[in-house]
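>
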Amino acid sequence: FLGLAGMPRRYSDFPDSYLTWNIVSSLGSTISLFAILYFLFIIWESMITQRTPAFPMQLSSSIEWYHTLPPAEHTYAELPLLTNNF
168 FLGLAGMPRR YSDFPDSYLT WNIVSSLGST ISLFAILYFL FIIWESMITQ
218 RTPAFPMQLS SSIEWYHTLP PAEHTYAELP LLTNNF
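With the first letter of the sequence shown counted as 1, position 74 gets the number 241 in the working numbering; the numbers rise by one all the way through.
#1: Assuming Asn189 contacts Phe181 under a Cβ cut-off of 8 Å, what Cβ separation, rounded to an integer in Å, is found between them?
#2: With DSSP as the reference, label Tyr243 as helix, strand or coil.
#3: Look at the alpha carbon of Thr216 and the alpha carbon of Tyr205, and state the distance between them as a whole number of angstroms.
#4: By DSSP, does Ala221 sit in helix, in strand, or in coil?
#5: For the alpha helix (DSSP H) that contains Phe201, what are its first and last residues?
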């Protein structure tokens, strides 16, 4: 299989005509390497610190979670009073 613009793959030495694509390929793989390392650091740091989540997994106690979806028409005779649970 050929790579980018016909550039051969898995060669130790490329012809000079493929220098630009070799640089693009090397830069892309370097960026991917740093992204994977950063992702692994984020996972490691989250397991070490054991912070509480910003959004808990239990469902909210808001009124929209109390009835079936989609709600029936004219569910309420008047609009309910909304309060803040914080």
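Just so you know, even glycine gets a beta-carbon here, dropped at the ideal spot from N, CA and C.
Taking the definition as stated:
#1: 5 Å
#2: coil
#3: 16 Å
#4: coil
#5: 186-216
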